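Our numbering numbers the first residue of the sequence shown as 3 and each following residue consecutively. Virtual Cβ for every residue (Gly too), placed ideally from N, Cα, C. On a predicted model such as this, the values are computed, not experimentally measured, just so you know. Note sheet for the following structure.
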Amino acid sequence: MSQQNYLHHATAPAPPNHLCYSGQVPAPHIHLGSLKLIVAYAFLISVIYVGALYFLVPATVRAIDRNEPRQVRWRIAATAQIAIISWYVIFPSVFCHTDDGGDGGVSDGVKRSEISCGQVIILSLQVLAHVATLYLGSLCTLFLQIFLVVRYEFDSRSRFQQHMIRASELFFVRIYSRSGGEWQAARDLFFGPFSEEVVFRGCIVSPIYYFFVSVLDRYHGNVFSAVIRSTFLSPLFFGTAHVHHAYLKLRYERHDVSSVYIQTIFQFAYTYLFGIYATYVYIRIKFASVCPLVVIHCFCNYMGLPDLGILNCAYMKSFKMAIITMHIVGIVLFFYGFSDGNITSLPRTI
Numbered sequence: 003m004s005q006q007n008y009l010h011h012a013t014a015p016a017p018p019n020h021l022c023y024s025g026q027v028p029a030p031h032i033h034l035g036s037l038k039l040i041v042a043y044a045f046l047i048s049v050i051y052v053g054a055l056y057f058l059v060p061a062t063v064r065a066i067d068r069n070e071p072r073q074v075r076w077r078i079a080a081t082a083q084i085a086i087i088s089w090y091v092i093f094p095s096v097f098c099h100t101d102d103g104g105d106g107g108v109s110d111g112v113k114r115s116e117i118s119c120g121q122v123i124i125l126s127l128q129v130l131a132h133v134a135t136l137y138l139g140s141l142c143t144l145f146l147q148i149f150l151v152v153r154y155e156f157d158s159r160s161r162f163q164q165h166m167i168r169a170s171e172l173f174f175v176r177i178y179s180r181s182g183g184e185w186q187a188a189r190d191l192f193f194g195p196f197s198e199e200v201v202f203r204g205c206i207v208s209p210i211y212y213f214f215v216s217v218l219d220r221y222h223g224n225v226f227s228a229v230i231r232s233t234f235l236s237p238l239f240f241g242t243a244h245v246h247h248a249y250l251k252l253r254y255e256r257h258d259v260s261s262v263y264i265q266t267i268f269q270f271a272y273t274y275l276f277g278i279y280a281t282y283v284y285i286r287i288k289f290a291s292v293c294p295l296v297v298i299h300c301f302c303n304y305m306g307l308p309d310l311g312i313l314n315c316a317y318m319k320s321f322k323m324a325i326i327t328m329h330i331v332g333i334v335l336f337f338y339g340f341s342d343g344n345i346t347s348l349p350r351t352i
């Protein structure tokens with residue numbers, strides 16, 4: 003059988019033990035050997051997630067602006083429910099089953115995550131440190147702005163404590179300026195990243211990855227090829243799930259068609275690229291936890307895209323070359339971090 007045909011008929015191994023809960027093991031009766039079936043499963047999960055924003059949110063609420071606190075609360079509740087159901091019900095139901103021991107009882111099995119809370123925190127900080135290098139220029143700009151404002155508002159005789167209080171206020175004001183309010187900030191910086199990472203990474207990536215591993219194992223291929231294929235395929239569902247925003251803008255917000263088209267393409271590209279990175283990280287840490295992914299998702303939402311226009315401001319012109327240099331250094335360190343053995347390296351499982 004040719005390798006091309008095998009991609010449609012191979013029997014994929016079930017996910018490893020640590021993706022199932024205590025008292026469960028990977029289900030041997032699951033044969034997601036067809037790539038079409040795996041894609042259908044991932045597509046179904048994505049449709050359920052997006053559909054919740056329509057079926058679980060009343061029409062009267064959907065008709066108001068998506069940034070209105072009332073709609074934000076409904077959308078948070080809807081996506082959180084789907085994330086929990088997908089994580090605790092759908093994924094285990096498909097890929098895990100109760101392990102009956104020889105004595106007729108349920109064996110001890112293994113928990114879904116084999117690492118401790120402390121190890122999860124360490125992994126999260128390591129991944130955050132890596133992605134932060136990409137924002138080195140933006141971080142320098144942010145802290146420079148805070149420094150200049152604090153220096154302008156307080157003289158040299160002011161207490162250090164006053165400086166720090168004002169600096170922290172400016173740091174958190176950025177959240178409101180980007181999101182527009184408390185509930186929008188909660189959605190963009192916590193609930194959104196949480197539900198999206200649970201669904202689009204936690205419930206989708208591993209089946210796709212282990213399918214490609216099974217194919218390459220049979221043909222004695224390089225496992226890294228499975229990583230590459232999974233890394234570029236899985237985020238398609240994440241990017242496509244954001245396309246429905248175009249419908250909302252046209253149906254309820256009455257935006258211009260051409261502008262919505264451009265915004266949709268840009269949003270798909272941005273979410274797809276982030277999905278590639280998050281998927282690679284999840285595979286690299288061997289599916290140990292989605293927490294590091296939630297952390298970097300929150301961070302990226304907070305930072306947004308680099309605001310290079312600020313370099314033209316009068317008060318920033320003297321720092322222009324330094325900030326541009328930091329952007330370049332950050333990009334170099336980010337890509338350097340994909341190799342092992344240096345301070346900016348991405349972690350592997352502990």
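If you draw a straight line from the Cα of residue 290 to the Cα of residue 258, it is about 44 Å long. Between residue 302 and residue 268, the gap from beta carbon to beta carbon reaches 9 Å or more. With 16 or more other Cβ atoms inside 10 Å of its own Cβ, residue 189 counts as buried. Nearest neighbour of residue 44 by Cα position, chosen from 338, 98, 294 and 210, turns out to be 210. Just so you know, the alpha carbons of residue 241 and residue 84 end up roughly 18 Å apart. In the DSSP assignment, residue 71 falls within the unbroken alpha helix (DSSP H) covering 71-87. Classified as exposed, residue 57 has fewer than 16 neighbouring CB atoms from the shown chains inside 10 Å of its CB. For the pair residue 98 and residue 246, the Cα-to-Cα distance works out to about 32 Å.
Annotation for residue 341: 347 place their beta carbon closer than 8 Å to its own, counting only its chain and skipping 5 residues before and after. Taking the Cα of residue 82 as reference, the smallest distance to any Cα among 69, 59, 326 and 324 is reached at 59. Cβ contact annotation for residue 80 (same chain, cutoff 7 Å, sequence separation greater than five): 54, 55, 58 and 59, in chain order. Within the same chain, 138, 139 and 142 come within 6 Å of residue 328 by CB-CB distance, once the 5 residues on both sides are set aside. Around residue 224, the same chain offers 218 as residues with beta carbons nearer than 8 Å, after the five sequence neighbours per side are excluded. In the displayed model, residue 245 falls within coil according to three-state DSSP, outside both helix and strand.
The Cβ atoms of residue 288 and residue 265 lie no closer than 9 Å to each other.
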